[in-house]
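Read the structure below first, then the notes.
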Amino acid sequence: MSERDAIQAGIVPFSAGTATPHFKAPDLACDCHMHVYSPRFAVAADAHLKPPAASLSDYRSLQRRLGTTRNVFVQPSTYGFDNACVLDAIADTRETARGIAVVSNTVSSAVSSAVSERDLDELSAGGIVGLRFNLVRSGTDALRDAVSLAPALAERGWHLEIHVNGAQLPGLAATLARLPCDVVMDHFGRVRFNEGASQPAFRALLALLDNGRTWVKLSGAYLDAQATRASIVEIGRALVEHRADRLVWGSDWPHPAAASLPDDAEQFDYLREWAQDESTRVRILVDNAAALYRF
Numbered sequence: 001m002s003e004r005d006a007i008q009a010g011i012v013p014f015s016a017g018t019a020t021p022h023f024k025a026p027d028l029a030c031d032c033h034m035h036v037y038s039p040r041f042a043v044a045a046d047a048h049l050k051p052p053a054a055s056l057s058d059y060r061s062l063q064r065r066l067g068t069t070r071n072v073f074v075q076p077s078t079y080g081f082d083n084a085c086v087l088d089a090i091a092d093t094r095e096t097a098r099g100i101a102v103v104s105n106t107v108s109s110a111v112s113s114a115v116s117e118r119d120l121d122e123l124s125a126g127g128i129v130g131l132r133f134n135l136v137r138s139g140t141d142a143l144r145d146a147v148s149l150a151p152a153l154a155e156r157g158w159h160l161e162i163h164v165n166g167a168q169l170p171g172l173a174a175t176l177a178r179l180p181c182d183v184v185m186d187h188f189g190r191v192r193f194n195e196g197a198s199q200p201a202f203r204a205l206l207a208l209l210d211n212g213r214t215w216v217k218l219s220g221a222y223l224d225a226q227a228t229r230a231s232i233v234e235i236g237r238a239l240v241e242h243r244a245d246r247l248v249w250g251s252d253w254p255h256p257a258a259a260s261l262p263d264d265a266e267q268f269d270y271l272r273e274w275a276q277d278e279s280t281r282v283r284i285l286v287d288n289a290a291a292l293y294r295f
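Each step along the sequence shown adds one to the number in the working numbering, with nothing skipped, and position 104 is 104.
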């Protein structure tokens, strides 16, 4: 099948299904969590995920399907601390894209020797607006580097993007709440959906939202293999009712950690159940994203 035929058929690489969502995305809607992969860039020696190439052109077909126009490139762990792939993608789409970078988080070496003020300035010039720390993979010791970098990020108007297991949240909440920069919790803070809104991890997440510097990405719900649709709706709706002004949405395309590819239109449609009025969906997809990522 030719690329043109695939587009006409609604086929999106790395995405199940072909149908469009059941609601129209507002103008300037932003996908705040996605990745690209290219063989032009070297894979890190310790990479645990080595997905096939997923190009910007491939991603454009997802945007056509969902109706989104802005996006945030998140540095994949595949490339380690080399952010060249993300910077290259932003350079092609600067008016409608921003990026999240990854820098050295090896606690055995001084952060100052791993990333300099000049490094951060160069990343900023390339469209980077935040740094990601994966505590699921690196452990909570990596948070020490995030804490050390937080003042420099606050000076630039950047944020820290934190990926944790939900079980880690109650023990980390006090430290995260003290940081001088904004903090974005990936993928619902990875709370367990089936444990409901009363679980300690979710209560910790709500408390963080109340400090005025924390955001939550409504993304990656499919990563919880035990979750039911009803439990995903419950958690998402509770977040919207609590602080709709601190939420953004992301597809997590091309789903490198997925056991089976999700239907991205179905994932997008959750927004209609979490935020049942159009004005709230506009806030999440457009206004919040524009404020956080400085569009």
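Heads up, the beta-carbon is just placed ideally off N, CA and C, and yes, glycines get one too.
Is the distance from the Cβ of Arg132 to the Cβ of Gln168 below 9 Å? no
Exercise. Would you say Asp264 and Ala101 are within 9 Å of each other, going by their C-beta atoms?
Worked result: no
- prompt: In angstroms, rounded to a whole number, what distance separates the CA positions of Ala150 and Glu273?
  reply: 35 Å
- [ ] Leaving aside the five residues before and after Gly80 along the sequence, list all residues of the same chain whose C-beta is less than 6 Å from its C-beta, in chain order.
- [x] Ala44
### Task
Hey, could you find the ends of the alpha helix (DSSP H) Glu266 is sitting in?
264–274
- prompt: Out of curiosity, what's the CA-to-CA distance linking Val286 and Pro200?
  reply: 30 Å
request  = Give the DSSP bridge partners of Lys217, in chain order.
outcome  = Val248
Drop a sphere of 10 angstroms on the beta-carbon of His48, count the other beta-carbons inside from all chains shown, and report buried for 16 or more, exposed for fewer.
-> exposed
So, with DSSP's three-state summary, where would you put Ala101? strand
Exercise for the section: Taking Arg40 as the reference, give the member of Ala53, Cys32, Trp158 with the closest Cα. Expected result: Ala53
Could you compute how far the alpha carbon of Gly157 sits from the alpha carbon of Leu292?
9 Å
Exercise. Whose CA, out of Gly220, Val233, Leu176, Ala225, lies closest to the CA of Leu209?
Worked result: Leu176
| Grouping DSSP H, G and I as helix and E and B as strand, with all else coil, what is Asp182? | strand
Q. What residue from Ser61, Ala207, Val240 has the CA that sits closest to Asp278's CA?
A. Checking the sequence, you will find Glu at residue 278 rather than Asp. Ranking Ser61, Ala207, Val240 by Cα distance to Glu278 puts Val240 first.
Neighbourhood of Val86 by C-beta distance below 7 Å, restricted to the same chain and skipping five residues each side: Phe73, Gln75, Gly99, Ala101
Next item on the list: Please classify Ser219: is it buried, with 16 or more other beta-carbons within 10 angstroms of its beta-carbon, or exposed?
Entry: buried
Self-check item: Closest Cα partner of Arg144 within the set Phe14, Arg178, Ala125
Solution: Arg178
Report task. To the nearest angstrom, report how far apart Phe188 and Gly171 are at their CA atoms. Result -> 16 Å
Check: Given Leu206, which residues of its chain have a CB within under 7 Å of its CB, disregarding the five upstream and five downstream residues?
Finding: His242
Measure the Cβ-Cβ separation of Arg246 and Thr214 and say whether it is below 9 Å.
yes
Cβ-Cβ distance between Ala258 and Cys32 below 9 Å: no
- request: Write down the C-beta distance between Thr96 and Arg70 rounded to the nearest angstrom, noting that I regard them as a contact closer than 8 Å.
  value: 5 Å
For this session: Identify, in the order they occur along the chain, each residue of the same chain with its Cβ nearer than 7 Å to the Cβ of Leu135, setting aside the five sequence neighbours on each side.
Result: Ala142, Leu143, Ile162, His163, Val164, Gln168
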